[in-house]
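To keep things clear, I will list the structure first and then write my remarks on it.
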Amino acid sequence: MLQGGLRGALNQSVLEASGPQAAKVEKLWWFAFTTAAIVYVLTMAALWWATRRARRRELRGELLDDAYAEPRMTRGVTWATAATLVILLLFLGADLLVGRTLSPIPKKQPLTIELTGHQWWWEVQYADTSPHGRFTTANEIHIPVGEPVLFVLEATDVIHSFWVPNLAGKKDLIPGYTQSVWFQADTAGVYRGQCAEFCGLQHAKMALQVVAEPRTKYEEWATKQRRPAENASDPTASRGREVFLTGTCAMCHAIEGTSAGSHAGPDLTHLASRRTIAAGTLPNTRGALAGWIVDPQRIKPGTRMPPNYLKPQDLDALLTYLQSLK
Amino acid sequence: MKREPRSVIDLRPLPDVVFGPRDIMWWGMLGFVVIEGFTLVLCAAAYIYLTQNFTTWPPEHTPLPSLRAPTIQVLVMLASIPVVWWLAKAARRYDLGKVRIGLIVATLFNAAFVGIRLVELLVSLNVKWDTNAYASAQWLLLVMHGTLLAVELVEVGGMMLIFWLAPVEEKHFSDVSDMTFYWAFMVLAWMPLYVLCFWVPRWLQ
Amino acid sequence: MSDRTTSVDYVPTSEPYDAELAELERTYEPHANPFWAWVTSVDHKSIGKRYIITCFVFFILAGLNAGVMRLQLARPENHIVGPDRYNQLFTVHGTAMMFLFAVPVMTAFATYLVPLMVGTKEVAYPRLNAFGYWTFLIGGVFLFAGLYTNTGPDAGWFAYTPLSGPEYSPGKRVDIWAQVVTFTEIAALVAAVEMIVTILKMRAPGMSLNRIPLYVWSILVVSFMIVFAMPSVAIASTAMLAMDRLVATHFFNRAEGGDPLLWQHLYWFFGHPEVYIMFIPGLGFVSQIVETFTQRRVFGYPVMVLSLFVTGFVAFGLWVHHMFATPIPQLGRTLFTAASVLIAVPSGIQIFCWIATIWAGRPRYATPMLFALGFIAVFTIGGLTGVMIASVPFDLQVHDTYFVVAHFHYVILGGVVFPLFGACYYWFPKITGRMLSETLGKWHFWLFFVGVNVTFFPMHLLGLDGMPRRVYTYLPEMGWGNLNLIATMGAVTIVASVAVFLVNVAKSSVAGVVAGDDPWGASGLEWATSSPPPAWNFHPLPVVTSRAPLWEEGGEMPVATGLATDRREVLITTALDAVPDNRHEHPGESHWPLVMAIAVGVTFIGAVWNPWAYVVGFVISAVAFAGWGWPRGTKPEDQVTTGRLPSAEAR
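Top line first, the protein sequences correspond to chains A, B and C.
So that you can map any letter, position 188 of the first sequence is 231 in our numbering, and since no number is skipped, the others follow by simple counting.
So that you can map any letter, position 162 of the second sequence is 1420 in our numbering, and since no number is skipped, the others follow by simple counting.
So that you can map any letter, position 600 of the third sequence is 1083 in our numbering, and since no number is skipped, the others follow by simple counting.
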């Protein structure tokens, strides 16, 4: 499952649909591609044929007079135009049909996730009717397989675009506007998405992951996410927690259950439960985390996180603490 | 096969100074009118687009614009039309004396437009451009049209100086006539914008 | 059947015209100092030539940007350039290609060709024409000066707000971009006005509307499009974005009631017609080339003209298809989808008519014709993917991915650059008097054809595989490396093809085969005068009695005589039937266009830093305007003194 998950995580193809929206678009694509290919081949064939006929006529020394040519050309152009119009209208019809089937969300009160785009990470808030039910995470979204999920999209700084090709088309996150999009994953797996509207220096490295899992597993994950961070048990982790709270980390990152409450950067309450860090740029391993913390500018030049030159023991403790935030 | 040229049309009798659409300078003027006119249309469209972001227009705590100077502006503009009409007729008759006087009066009118426009901006609007999007939109329309007023002042003033100080040629009379056509556009284009800037906020409050 | 390949020796050498031609030589004599003569020239041919060359310089510079981009993307996690430099590179690539090359090269060619093709001496406003060129040059230099000093704009060629606003693009980069747009938009509007008036009011006697060459129709349509499209971007960038950044207006600032989507609407209302503005002249080029190289008038003239108008008109109804991922009402989406799909019909008709013309004609495959055929092959692919992305659900998957990059490069390279290269080979003899090498031409064509396909076809696959646009790098695990590498190899091939072209131009300019008036056996008026044409283009003026003047039969060529030769006099005709109506004196050489362009340049460049530049600039522009317009008093017989009406003749 993990292996398959990893492979799936790096497949961002429009043509490997795992949900109904993407599947319908994939079908539309193949219809369009086939039609276009046929039209292209026919057009090029007509061009080729025209050049060959003209050449043969010239070799025979014949000249075409207008009385012969004009009505034939008129017929040819008229039929070609009519055929073009019919094909285009067919395509238009197919498109409108697909469009209509994709819009209405099929479920009342679906799971609702509020996504806020930032330069250059994704703030993810799970909406819930009770205040205790809400929780915040970043860059990694879990959804139950086979159920439609509603995403509510906003942005705080510039325009971003939420796009998980395996599952659905994209929608922009525009400051001052709220848009929504819904989709559904039909098979369990990890689906990679990427910001699809140029948003500045690190647009290229603003990815996210959608993990689709069976309902029960999703509920387990959500329950864990709702809990605040556990108190650090061993001394290294405690020291790490101190480093976090007394250093610059707490100025931007929140950890529920501690005094760190800033939402300028991603919420780290359950950092260790995520597969990747830095918006899908690095695997969530101790080494990668260390490199990221010490010098994020080397990995994502222009990112808002400054370098943090920590003493080796402090860094070690911090890493232990962060890796305990499951 | 060499083809001998055979003259079929003698162009010598054609006039070399004409008025109105026969003259390509008139067409240049028409080009300006269309381009600037459409620019103002788009500015008005943007203005209207922005109203949808507000529950009241102007927004709360933003004062309405005053009507005094803007209405004076409209009246002065309309008053200039018969003068400029008279000037156009004098130009068609190549009446040097009348055109000279007409151009002085037109320059004074145009200077008045510019002066009153500055008052409209700095006093009547009651907002600075950086207060909010409503203010920015108001300033946009008045400044864009105001630029036309300012450029036209240079043109009319320049024509006035030519007619008083330079050797005047026949074609300059045609240019004066073209200018009067532009003048009509400049003044008439302002009328709907005046309503949009100074009256519509009163209706959308 | 007449022999249509004979060139018609038009410039009369018989007695009656010798004295007139000699006087014309004196009238059109350039300034003694060749540099000053060049600077003050108002000859549409001289301006057209320098304009075309300048555009190609920008094409090469923008292409070099793309070369670096392709090197960076050839391998994942490459380190040739970082994100900041990459963002400047792609922004300037797009901005330069669109604003400094694709549109201006078309207006430049039109500046050169249209007066010759309609049988007149000059464009309508020669000094304005020169002013347009200088303004354009200032804008282009300003853009690249920014790039090469690390202050290049970096928010993309369409500079979406709020990213391009004062908060998220600090510094002067985007302000530079906004004013470059101003300069190029002024130049485009100037060219549009020139073309409309020249085409409608200055045609040769007898060239009624139904006898205008198809290329000239394409320029007329495009000029109207420029008039209605450019103001939109002018307002958006010069008036609104620049002001948001400079003096804190709030057009796009949501916090104060502004709207980021307002930018998109205004920008794309311009931006979509913009791409048709680039493409429609290409259609005109192909028509002229197909006609000459099949020795047959293009089939379906009225339908061809109507297609140009329909395309131009419908182009204004498509812009929202760039915004399908934003909140747009469903009805809007449907309408814009339908329009975006149906606009393919007029373009398709054009292609069918060309195929019919080829079928019925006697095709020759000289280099211009190869490029015309290449256009059909390449553009059609782009047109078909364009119809695909007109569909909202499909677009929402491939929008802002390399699929779209592939689409627009296919339509631009196919629809604009292929015809443009064809036009270069076709009209180079007229412009310079020498032929370009056919051998090098064929190398150029095939390298370009292969290069374009190898570079851009893989990008369709990359887009479908999930690769977004405007990314300076990508992870190795995405699996995009191989296709990107192939695309880069294609780019190298394109560079090679352009190099071959430049070598061809350089060599042929000095050592090419001498061309003569009509090396191709064409039908249009531009081939009825020498190569290169004299400063006054035609004397006496041709009179036109059909759609293909040089293919007419009969022993005598009708001409119109009587225009003055002691001054630069042009004929003004009526708009519909080109009946001679009046004579108009044109100005000679003048430095005022350059002075005015400098004044405008100071105004808008200054405004990047300080809004008072508008006030100061206005004053100096007014002075330049006065200098431009002040009468020189050289014609005492035309002067009017108090109370005296001019003679009846003058009226």
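Glycine included, each C-beta is placed from N, C-alpha and C at the ideal position.
Quick caveat, the model's predicted, so the values are computed rather than measured.
Counted within 10 angstroms of its Cβ, other Cβ atoms place S1104 of chain C as buried (16 or more) or exposed: A residue is called buried once 16 or more other Cβ atoms fall within 10 Å of its Cβ, and S1104 of chain C is buried on that count.
Proximity winner among C:Y784, C:E650, C:N936, C:A585, relative to V705 of chain C (alpha-carbon distances): C:A585
So the beta strand (DSSP E) D1064 of chain C belongs to, where does it begin and stop? 1063–1068
Would DSSP call M761 of chain C helix, strand or coil? helix
Among A:H246, A:N54, A:W335, the one whose alpha carbon lies nearest that of T956 of chain C: Answer by Cα proximity: A:H246.
Just list the residues that DSSP pairs V1053 of chain C with in beta bridges. C:H1067
Do V881 of chain C and V207 of chain A have their C-beta atoms closer together than 8 Å? no
Using a Cβ-Cβ cut-off of 8 Å, state whether M787 of chain C counts as contacting chain A. Judged by the 8 Å Cβ criterion, M787 of chain C is not in contact with chain A.
Can you give the beta carbon distance from V1062 of chain C to P688 of chain C, rounded, assuming they're within the 8 Å contact cut? 7 Å
Buried or exposed for E1378 of chain B, going by 16 or more other Cβ atoms inside 10 Å? buried
What number of angstroms, rounded off, separates the C-alpha of Q1122 of chain C from the C-alpha of N516 of chain C? 31 Å
Do the region 986–993 of chain C and the region 573–584 of chain C meet, that is, are 3 or more Cβ pairs less than 8 Å apart? Touching, no.
Which residues of the region 636–648 of chain C have a Cβ closer than 7 Å to any Cβ of chain A? Give them in chain order. G639, Y643, P645, L646
Using 8 Å as the limit for Cβ to Cβ distance, is N965 of chain C near chain A? no
Do the region 564–572 of chain C and the region 230–246 of chain A make contact, defined as three or more Cβ pairs closer than 8 Å? yes
Within 8 Å (strictly less), CB to CB, does A1364 of chain B reach chain C? no
What does H748 of chain C reach in chain A if we use C-beta pairs closer than 8 Å? Result: empty, since nearest Cβ-Cβ is about 13 Å, beyond 8 Å.
Secondary structure of F205 of chain A, DSSP reduced to three states: strand
Name the chain A residues that come within less than 7 Å of N936 of chain C, Cβ to Cβ? Within chain A, no residue comes near N936 of chain C; the closest Cβ sits about 13 Å away, beyond 7 Å.
Do L599 of chain C and P1008 of chain C count as a contact pair if the criterion is CB distance below 8 Å? Looking at the sequence provided, one finds Leu at residue 1008 of chain C rather than Pro. Taking 8 Å as the Cβ cut-off, L1008 of chain C and L599 of chain C qualify as a contacting pair.
Strand pairing of Y234 of chain A, partner residues [DSSP]: A:V253
Below 8 Å on C-beta distance, what does C1301 of chain B contact in chain C? I718, A722
Using a 10 Å radius around the Cβ and a threshold of 16 neighbouring Cβ atoms, would you call P271 of chain A buried or exposed? Exposed.
Could you compute how far the alpha carbon of W746 of chain C sits from the alpha carbon of K343 of chain A? For W746 of chain C and K343 of chain A, the distance between alpha carbons rounds to 29 Å.
Let me check understanding here. Comparing Cα to Cα, which of C:G1071, C:H927, C:V540 lies closest to V588 of chain C? C:V540
CA-CA distance, V887 of chain C and T301 of chain A? 47 Å
If we ignore side chains and look at the alpha-carbon of each, how far apart do L1024 of chain C and G1416 of chain B end up? 36 Å
Select from C:K532, C:P609, C:I763 the residue whose C-alpha is nearest the C-alpha of F456 of chain C. The displayed coordinates of chain C run from 484 to 1134. Any statement about residue 456 of chain C would go beyond what the structure contains.
Run down chain A in chain order and give the residues with a C-beta less than 8 Å from the C-beta of P851 of chain C. In chain order: nothing, as chain A lies at least about 15 Å away.
Quick one, which of B:N1368, B:I1282, B:E1428, B:V1292 has its alpha-carbon nearest E605 of chain C's? B:I1282
Since W521 of chain C is in the beta strand (DSSP E), which residue starts that stretch and which ends it? From DSSP, W521 of chain C is part of no beta strand (DSSP E) but of the alpha helix (DSSP H) over 517–523.
Just checking, does the region 1303–1312 of chain B make contact with the region 1086–1098 of chain C on the three C-beta pairs under 8 Å criterion? no
Rounded C-alpha distance that separates I468 of chain C from V1083 of chain C: Any question about residue 468 of chain C goes unanswered here, given that chain C covers just 484 to 1134.
In chain order, what residues of the same chain lie with their CB nearer than 7 Å to the CB of A1131 of chain C, ignoring the 5 residues before and after it? Only weak support is given to the placement of A1131 of chain C: the predicted model assigns it a pLDDT of 40, under 50, and the question is left unresolved by the model.
Check distances from the C-beta atoms of the region 868–880 of chain C to those of chain A and list, in chain order, the residues that come in under 7 Å. The region 868–880 of chain C vs chain A, Cβ under 7 Å: V870, M871, S874, V875, P876, F877, L879, Q880.
Counting only C-beta atoms, is R1066 of chain C closer than 8 Å to chain B at any point? yes
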